[in-house]
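K.L.:
Mind having a look at this structure? Questions to follow.
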Amino acid sequence: MTALTKLFRTTTFRLSLTYLALFSAAAILVIFYIYWNTTVLLSQQLNQTIDAELTGLAEQYKAGGLDQLVRTVAARSQTPGSSLYLVADKDGNSLAGNLTAVSPDLWNSLGPVEFAYRRPAPGGTERRLAFANVFRLPAGHRLIVGRDIEDRRDFARTIRRAMFWSLALLALVGLGGGFWVSRRLLARIDAVSDATRTIMAGDLTGRLPVSGSGDELDRLSESLNLMLARIEQLMAGLREVSDNIAHDLKTPLNRLRNRVEEALREPPSQPAYREALERTIEEADGLIKTFNALLSIARVEAGAAGENREQLDVSELVRDVADLYEPVAEERGIDLKSDVAPPLFIRADRQLLGQAIANLIDNAIKYGAADAARDNGAKPEVEVTVRDRNGTAEIIVTDRGPGVPEAERERVLNRFVRLEASRSEPGSGLGLSLVAAVARLHGGSLKLEDHAPGLRVVLALPIGDETHVNGTVAAVSPEQRSDTPDGVLRAHR
Amino acid sequence: MRVLVIEDDQETASFLKRALKEAGHVAEYAGDGQAGLDLAKANAYDVLIVDRMLPKCDGLTVIQSLRKDDIKTPALILSALGEVDDRVKGLRAGGDDYLTKPYAFSELLARIEALARRPSPEEGSTRFIVGDLVLDRLSHKVTRGGEAIMLQPREFRLLEYLMKHAGQVVTRTMLLENVWDYHFDPQTNVIDVHISRLRSKIDKNFGIPLLHTVRGAGYTIRDSAH
C-alpha cells in the first residue's frame, strides 16, 4: 500500500471529504440565496423608479401637453445618471431624450421591455443593456422611460465569479486541510505502531509517544503507557521471582548434590550411606515444600485457586486453627490467647484462609519466640483476635517478638524475603507472601504494624452484604462457645 | 492385599510394584487408562492407585466409569496437581483419596492400607477397643484399664481416628486431613505435639504403651502384647 492510498484510507481523510461536500453544498445554497434575493430587490427598485418617473411625466403631459413633456424630458435628460428617456413622434423622430438609435422592435412593443442600446463612450459607442417601459401617447407619439441595467448584469457576474472562486477555495482548503490533518494523525498513529512493535520485540521499557496536547490520542497513549508500566512491573516481579526461585531452589539442590557426592567419596559404609540418604530425603522434602508453596502462591495470585468459596464463620475457623497451634505454643513457653468475636460469616475458601491464618500464627509463634519476648522484657504471648470493624472482618495476630522495622514491612510480603533475625528458624520466606496473596484474592488486605514491642499483623477481609445472616448466633452451639480459651464473647446485638 | 497401579511412567510403576511387594502386597500394573479400566473391571482388587493424567483415558474418567458400573474398589488418585480445587474434583469423580506428587512412599502405603482396610467386626459398633483402652463413640468416654481418661474434644477425635485404624500406620498428613480437615502444610510439627499430649494422657501412667511412632512414616495405635 503506497503512502498516498494509506492516507486516503484514513478515517480523518474520509471525514474531511464528507465535511468538504457538506460545506460546499451549504456555501452554494447561501450564495444562491443572497444572489436571488438581491436580484428580486433590485428589480423591484427598478420598477418603482420607472413607475415614479412615468407618473411624474404623465402629470406633465396632462398639464401642458406634448410641449411640456418634451421640455421636461429634455431637462431630465441633461442630468447625469442611468435614467433613459425618449419622446418621439409617430415616425420615430426623436423630440427629446438621451436614448438614440432605437430599434423598431422596441418601438413597436408596449409595456416593460429589456433591450440593448448603444451609448457614447470614450472612443466611440458601447453596447449596454437597459430596461424600459414603452408608452404610446395620443397621435402616435411614444414615450420611453428606462434605466441602464448593465451594472446589474455586472453584479450578477461578480456574484457568480465569487461563487466559483469561493467554492474552489473551499475545496482547496478542505482537501489540503484534510491531507494535513490526516498526515499528522497518520504520523502519530505510525509512531504509536512503531513504539508498539519495539515493545513487542522485547523492549519493555518502551512507551508510546505522547504529544502533550491532551487530546484523545494522548489520553489513549497515556492509558496504554500505564498498562505497559504495569506489565513491565509484573515482568520485573516475575524476573525477580525466577531469580529467587533459582537461588532458593538451587541452593538446597546444590547442598543435596554435595552431600551425595561426599557420601560417595567416603569409604563404603552402610551407616554412613544410610545417614546421607536420610538427609538427602529430608532436603528433597524441604525442596518439595518450597515448590508447593510457590505454586500455591502463583495460583492464588493468578486467581486460579479458591473456586470452592463458601459462607464460613471466620471466628470459628480462627478458633480452630488457634486450637491446632495451641500445644506447640505451650511447648515453646508462649501463651497463645484468642479473643474471638461472635460468629462472623464471610465468603471465603476454607483451605486457603485456614492456611493464611495458620501461617500468621505459625510466624507469631516462631518469630515472636519466647526468648525474643523476654529480651525485650515482655511476657511471651501471642494473641489472635477476630473482630467486625465497619463491615470488615479483621483477623489480628500479635506477638511480642522483635517485630519488623517499618522500612521492611512492605518488603517482607515478597517471596523469599527473610529478615536476618529470622534466619535461625526454619522457613522458606513464603508464608507472608501466601497470606498477602490470599488476602488479595478475597478482596482484602494485609498490614503489618508495630505492637510495641512486637509485631501486629492485620488480615482484613470484606464482609459481603449477604453475610449478615439473621440468627447467625444460632449457628454456634453453647458447647462450641465454651471451647474458646479466654474467649470473650460479646453479646450479639 | 492386591493392588492395581495405573500409571504411565514405567519407572514409577516398577518402583511402586517393588515397594508394594516389599510391604507384603501384590501389585499389578497397567500403562494406560483403557488397560487399567479393563483390568479393574475383570479382577477384584483391594485398592487402585490411579495416576490422574494417563494416555488414552485419563484417571478421573477411569474412576468415573468404574463407579458407573458399580465397582466400588477404593481408589487413590496420584496427581501432580496439588491444589485443593483439584483434590475436590478428584474426590467428586469418585476417588477415595488424593495424593500429590512427589510423595513419600510411606505416605502412599499408609493411605492405601487405610483405604483397603476391610471393615472390622467392630466397625459398626460404637466402641473401639485396643488392649485395655476403650473408646465409646456414643458417650464420648475413654477408659484405660477401667480408669476414665479426660480428653478435649479434638483429642477425642484424634484418638478415635487412630483407633479406627488400629494396627495401621497413620501419617501426619492423614491426621491433619481427617481430624482437622486441613489440606495444607502447617509448617511446624503441630501434629507431633498433639500426639505427645494425647500420649501423655493415654499411655503415661500405664505400663504398656499403645500409641507408637513409626519412624519416617507416622503413628500407629496397637496392642503390642499381641
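These protein sequences, in sequence, are chains A and B. Throughout the first sequence, residue numbering follows our numbering, covering 1141 to 1633 in sequence. Throughout the second sequence, residue numbering follows our numbering, covering 356 to 581 in sequence. All residues carry an ideal CB built from backbone N, CA and C; glycine is no exception.
(1) Runs of 4 residues minimum, wholly inside the region 405-477 of chain B: which ones carry the alpha helix (DSSP H) assignment?
(2) For Q1491/A, return the contacting residues in chain B, with the cut-off set at a CB-CB distance below 8 Å.
(3) Are there 16 or more other CB atoms within 10 angstroms of the CB of N1177/A, so buried, or fewer, so exposed?
(4) Helix or strand or just coil, what does DSSP make of T1150/A?
(5) Using a C-beta cutoff of 8 Å, does V1552/A count as contacting chain B?
(6) Indicate, with yes or no, if the ligand FMN has a heavy atom lying under 7 Å from the CB of S1353/A.
(7) Mind checking who N1273/A pairs with in its DSSP beta bridge?
(8) Would you verify that the beta carbon of Y1465/A is, or is not, closer than 8 Å to some beta carbon of chain B?
(9) Could you check if T1240/A is buried or exposed, using at least 16 other CB atoms within 10 Å of its CB as the buried criterion?
(10) Touch check for the region 390-404 of chain B and the region 356-368 of chain B: three-plus C-beta pairs under 8 Å?
(11) Show which residues of chain B have a CB atom less than 8 Å away from the CB atom of A1498/A.
(12) Just to check my reading of the structure: E510/B and L553/B have Cβ atoms closer than 8 Å, yes? What is that Cβ distance to the nearest angstrom?
(13) Beta-carbon of R552/B versus every beta-carbon of chain A: anything under 8 Å?
(14) How would you list, in chain order, the residues of chain B whose beta-carbon sits under 9 Å from the beta-carbon of D1502/A?
(15) At the 8 Å Cβ level, is Q1410/A part of the contact set with chain B, yes or no?
(16) What are the boundary residues of the alpha helix (DSSP H) that includes D1355/A?
(17) Applying the 10 Å Cβ sphere with the 16-neighbour rule, what's the burial state of Q1373/A?
(18) Does any residue of chain B have a CB that is nearer than 8 Å to the CB of I1647/A?
(19) How is I1339/A classed by DSSP in three states: helix, strand or coil?
(20) Pick helix, strand or coil for E1406/A, following the three-state DSSP scheme.
(21) Consider the Cβ of N1398/A: report whether some Cβ of chain B lies at a distance smaller than 8 Å.
(22) For L1588/A, list the residues DSSP reports as bridge partners.
(23) Using the beta-carbon of each residue, which ones in chain A are nearer than 7 Å to H549/B?
(24) Return the CA-CA distance between L1235/A and A1302/A, expressed in angstroms with no decimal places.
(25) Here's the rule I'm using: 16 or more other beta-carbon atoms within 10 Å means buried, otherwise exposed. How should D406/B be labelled?
(26) Rounded to the nearest angstrom, how far is the Cβ of V417/B from that of V1468/A, given a contact under 8 Å?
(27) Using a Cβ-Cβ cut-off of less than 7 Å, list which residues of the region 1145-1156 of chain A approach chain B; keep chain order.
(28) Under 7 Å Cβ-Cβ, which residues of chain A neighbour R509/B?
(29) I want to see whether chain B comes within less than 8 Å of G1571/A, judged by CB atoms only; does it?
(30) Just the C-alpha distance for V1526/A and L1457/A, rounded to the nearest angstrom, thanks.
(31) If you draw a straight line from the C-alpha of L1307/A to the C-alpha of F1271/A, how long is it?
(32) Nearest-angstrom Cα distance between Y1413/A and A1403/A?
(33) What do you get for A1386/A, buried or exposed, if any count of 16 or more other CB atoms within 10 angstroms of its CB means buried?
(34) Beta-carbon within less than 7 Å of F561/B's beta-carbon, same chain only, minus the 5 sequence neighbours each way: which residues are those?
(35) By the 10 Å Cβ neighbour count, where 16 or more other Cβ atoms means buried, how is N1503/A classified, buried or exposed?
(36) Buried or exposed, going by whether 16 or more other CB atoms sit within 10 Å of the CB of H1582/A?
P.N.:
Answer, in terms of the structure:
(1) 414-423, 439-447, 460-471
(2) For the purposes of this step, residue 1491/A is taken as the residue at position 351 of the first sequence. Going along chain B in sequence order, the residues near Q1491/A (Cβ under 8 Å) are V439, Y537, H538, F539.
(3) Translated into positions along the first sequence, residue 1177/A becomes position 37. With fewer than 16 other Cβ atoms within 10 Å, it is exposed.
(4) Here residue 1150/A refers to the residue found at position 10 when the first sequence is read from its first residue. Note: T1150/A maps to coil in three-state DSSP.
(5) Residue numbering aside, residue 1552/A sits at position 412 when the first sequence is read from its first letter. So, not an interface residue.
(6) You won't find the ligand FMN in this model; it holds no ligand whatsoever.
(7) Within the first sequence, residue 1273/A is the residue found at index 133, counting from 1. For N1273/A, which the question treats as bridged, DSSP gives the partners P1252/A, V1285/A.
(8) The count along the first sequence starts at 1 and reaches residue 1465/A at position 325. With 8 Å as the cut-off, Y1465/A counts as an interface residue toward chain B.
(9) What you label residue 1240/A is simply residue 100 of the first sequence in a count that begins at 1. Around the C-beta of T1240/A, fewer than 16 other C-beta atoms lie within 10 Å, and the residue is accordingly described as exposed.
(10) yes
(11) Your numbering for residue 1498/A matches position 358 in the first sequence. Here the neighbours are Y537, F539, P541, Q542.
(12) Position 155 of the second sequence, counting from 1, holds the residue named residue 510/B. Position 198 of the second sequence, counting from 1, holds the residue named residue 553/B. So it is a contact: roughly 5 Å between Cβ atoms.
(13) Taking the first residue of the second sequence as position 1, residue 552/B is located at position 197. Put simply, the CB of R552/B is near chain A, with a gap under 8 Å to one of its CB atoms.
(14) Translated into the one-based positions of the first sequence, residue 1502/A becomes position 362. Within 9 Å Cβ-Cβ: P541, Q542, T543, V545.
(15) As a working mapping, residue 1410/A is identified with position 270 in the first sequence. Judged by the 8 Å Cβ criterion, Q1410/A is not in contact with chain B.
(16) Residue 1355/A sits at position 215 when you count from the first residue of the first sequence. Taken as a continuous stretch (DSSP letters only), D1355/A belongs to no alpha helix (DSSP H), as it is neither H nor E.
(17) Here residue 1373/A refers to the residue found at position 233 when the first sequence is read from its first residue. So Q1373/A ends up on the exposed side.
(18) Residue 1647/A lies beyond the range of chain A shown here (1141 to 1633); nothing can be said about it.
(19) Mapped onto the first sequence, residue 1339/A falls at position 199. Reduced to three states, the DSSP call for I1339/A is helix.
(20) To locate residue 1406/A, count along the first sequence from 1; it is residue 266. Three-state DSSP puts E1406/A in coil, outside helix and strand.
(21) Along the first sequence, one-based indexing puts residue 1398/A at 258. Closer than 8 Å: no.
(22) Sequence index remark: in the first sequence, residue 1588/A carries index 448 (1-based). According to DSSP, which records beta bridges pairwise, L1588/A is partnered with V1597/A.
(23) As a first step, residue 549/B must be located in the second sequence, where it is residue number 194. Ordered by position in chain A, the residues that pass the 7 Å Cβ test against H549/B are P1467.
(24) Residue mapping note: residue 1235/A aligns to position 95 of the first sequence, counting from 1. Residue mapping note: residue 1302/A aligns to position 162 of the first sequence, counting from 1. Spanning the two alpha carbons is a distance of roughly 44 Å.
(25) As a working mapping, residue 406/B is identified with position 51 in the second sequence. Sixteen is the threshold: when 16 or more other Cβ atoms of the shown chains lie within 10 Å of the Cβ of D406/B, as they do, the residue is buried.
(26) The sequence position of residue 417/B within the second sequence is 62, counting from 1. The sequence position of residue 1468/A within the first sequence is 328, counting from 1. The pair is not a contact, with the Cβ atoms about 41 Å apart (cut-off 8 Å).
(27) Taking 7 Å as the Cβ-Cβ cut-off against chain B, none of the residues of the region 1145-1156 of chain A qualify.
(28) Walking along the second sequence from the start, residue 509/B turns up at place 154. Here the neighbours are D1463.
(29) Your numbering for residue 1571/A matches position 431 in the first sequence. At least one chain B Cβ lies under 8 Å of G1571/A.
(30) On the first sequence, residue 1526/A is found 386 positions in, with the first residue counted as 1. On the first sequence, residue 1457/A is found 317 positions in, with the first residue counted as 1. Each residue's alpha carbon lies about 10 Å from the other.
(31) Locating residue 1307/A in the first sequence gives position 167, counting from the first residue. Locating residue 1271/A in the first sequence gives position 131, counting from the first residue. Distance from the CA of L1307/A to the CA of F1271/A, rounded to the nearest whole angstrom, comes to 32 Å.
(32) Taking the first sequence and counting its residues from 1, the one referred to as residue 1413/A is at position 273. Taking the first sequence and counting its residues from 1, the one referred to as residue 1403/A is at position 263. Those two C-alpha atoms are separated by around 6 Å.
(33) Position 246 of the first sequence holds residue 1386/A. With fewer than 16 other Cβ atoms within 10 Å, it is exposed.
(34) Here residue 561/B refers to the residue found at position 206 of the second sequence. Within the same chain, F561/B has close Cβ partners R499, G500.
(35) Within the first sequence, the letter at position 363 stands for residue 1503/A. Buried.
(36) For the purposes of this step, residue 1582/A is taken as residue 442 along the first sequence, with counting starting at 1. Taking all protein chains in view, the Cβ of H1582/A is crowded by 16 or more other Cβ atoms within 10 Å, so the residue is classified as buried.
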